[in-house]
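Here's the structure, in structure tokens; my notes come after.
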Amino acid sequence: MEYNNLKISDNGNIRTVAISVPKSLNALNSCVLTELDSFLSAIDTNATRVLIITGDGEKSFVAGADISEMSGLNEKDGFDFGKRGADVFRKIETLPIPVIAAVNGFALGGGCELAMACDIRIASSNAKFGQPEVGLGIIPGFSGTCRLARIVGMGIAKEMIYTGRAIRADEALRIGLVNAVYPQEELMDQAAAMAKKIAANAPVAVRYAKICINEEYDLPTDKAIAFENTMFGKCFATSDQKEGMDAFLNKRPANFKNE
Ligand code: CO8
553 MEYNNLKISD NGNIRTVAIS VPKSLNALNS CVLTELDSFL SAIDTNATRV LIITGDGEKS
613 FVAGADISEM SGLNEKDGFD FGKRGADVFR KIETLPIPVI AAVNGFALGG GCELAMACDI
673 RIASSNAKFG QPEVGLGIIP GFSGTCRLAR IVGMGIAKEM IYTGRAIRAD EALRIGLVNA
733 VYPQEELMDQ AAAMAKKIAA NAPVAVRYAK ICINEEYDLP TDKAIAFENT MFGKCFATSD
793 QKEGMDAFLN KRPANFKNE
């Protein structure tokens, strides 16, 4: 598929996709969602170890879902549009490789929701986060009511969603919505450095860790522990476990094969 709204680049086994819709500060319209969906389906998650998602330009990560497209929707269309975005974001959340959101400006509405579907969020100091939907007569519809409370806690999530107040990067850091804040010019280098660190580890183990953290979140404690136990056992069926431990014991760098 040809992408008109995505800019894709590769650096070794790290892939970066920038949402690029200059006329609307990278707002998510149906075309962008279709392209993102197709892009995610096409990623070879054996060759690519980490995905970085960012916004094109210096002002905006994603300024939300496209308000002009949503303005004329009826109930059925609203349901379909919300589901479309939610499905794409769930694909990100369950992608077999880690996904880092490098939030380089506005992350409002669907933009904040996109960042929250990623495994890890880092931001530039000019970033702004918020869920302003109730001011438009809607609620967060790309899973924001689900994920925000899980990340920052119920009280802060409710305040942010009921007031629609946008918060700056320093506040996002304080409430745990982002892991780190950097000057804008350093953001992508920092994202790449984090991605490189992840990519240097045993890929199957990283994949299993992501599955465990995601799956166990919703399980009762005993079931969660049993799930981890099973996945831990499975690690010992990989050649990378043998390689990682042999490398440690022989004081040499590991050469993981992703198997
Ligand atoms: N949708 C459509 N166009 C947008 C959007 C958007 N979300 N955001 C910005 N734009 C457009 C503006 O209309 C403007 O276009 P034009 O130049 O033609 O007038 C252009 O981008 C530049 O924007 P501004 O001139 O407004 O730039 P400012 O720097 O003055 O302001 C802001 C930047 C603060 C980001 C401002 O543009 C803004 O408030 N944008 C809207 C933010 C917002 O409310 N986002 C949430 C949208 S709702 C949502 O995301 C719901 C998700 C769930 C959907 C569920 C589906 C049913």
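Throughout, the working numbering is defined as the position within the sequence shown, counted from one, plus 552.
Quick reminder that beta carbons are idealized off the backbone N, C-alpha and C, glycines included.
Return helix, strand or coil for residue i, following the three-state DSSP convention.
| i | result |
| --- | --- |
| V651 | strand |
| I690 | coil |
| G707 | helix |
| G527 | Summary: the structure shown does not reach residue 527, with the chain confined to residues 553 through 811, and so no result is reported for it. |
| V730 | coil |
| L771 | coil |
| L577 | coil |
| I595 | coil |
| F631 | helix |
| E587 | helix |
| N781 | helix |
| F800 | helix |
| A761 | helix |
| E645 | helix |
| T697 | helix |
Is it the case that the Cβ atoms of residue i and residue j are separated by a distance below 7 Å?
| i | j | result |
| --- | --- | --- |
| A789 | V602 | no |
| A701 | G662 | no |
| P755 | S677 | no |
| S620 | E665 | no |
| V573 | N557 | yes |
| K680 | A638 | no |
| A667 | V655 | yes |
| I674 | V584 | no |
| A743 | I604 | yes |
| Y760 | M783 | yes |
| G634 | L660 | no |
| A757 | C787 | yes |
| T697 | P648 | no |
| G716 | P684 | yes |
Leaving aside the five residues before and after residue i along the sequence, list all residues of the same chain whose C-beta is less than 7 Å from its C-beta, in chain order.
| i | result |
| --- | --- |
| I727 | V704, I708 |
| R799 | With the sequence shown as reference, residue 799 is identified as Ala, and Arg is not the correct amino acid for it. Same-chain partners within the cutoff: P805, A806. |
| F779 | C764, E767, E768, L771 |
| L625 | F633 |
| N563 | A744 |
Classify residue i: buried if its beta carbon has 16 or more other beta carbons within 10 angstroms, exposed otherwise.
| i | result |
| --- | --- |
| I566 | buried |
| E811 | exposed |
| I777 | exposed |
| S623 | exposed |
| Y714 | exposed |
| T606 | buried |
| E587 | buried |
| M712 | buried |
| V612 | The sequence given here places Ser at residue 612; Val does not occur at that position. The residue is buried, with at least 16 neighbouring Cβ atoms inside 10 Å. |
| L592 | buried |
| A669 | buried |
| F631 | exposed |
| L580 | buried |
| R642 | exposed |
Per DSSP, which one or two residues make a beta bridge with residue i?
| i | result |
| --- | --- |
| I566 | N563, V602 |
| K680 | F658, R720 |
| V614 | A659 |
| I672 | I652 |
| I571 | L558, G607 |
So, for residue i: in the same chain, excluding its five sequence neighbours on each side, which residues have a beta-carbon less than 6 Å away from its beta-carbon?
| i | result |
| --- | --- |
| D589 | V640 |
| L725 | V733 |
| I571 | N578, G607, V614 |
| T568 | S561, I604 |
| L739 | A654, N656, S676 |
| A721 | A675, S677, A679, V733 |
| K559 | A570, S572, D608 |
| E645 | A669 |
| M553 | S590 |
In chain order, what residues of the same chain have a beta carbon less than 8 Å from the beta carbon of residue i, not counting five sequence neighbours either side?
| i | result |
| --- | --- |
| K809 | S791, D792, E795 |
| I672 | P650, V651, I652, A653, N731, M746 |
| I595 | R567, L603, L647, I649 |
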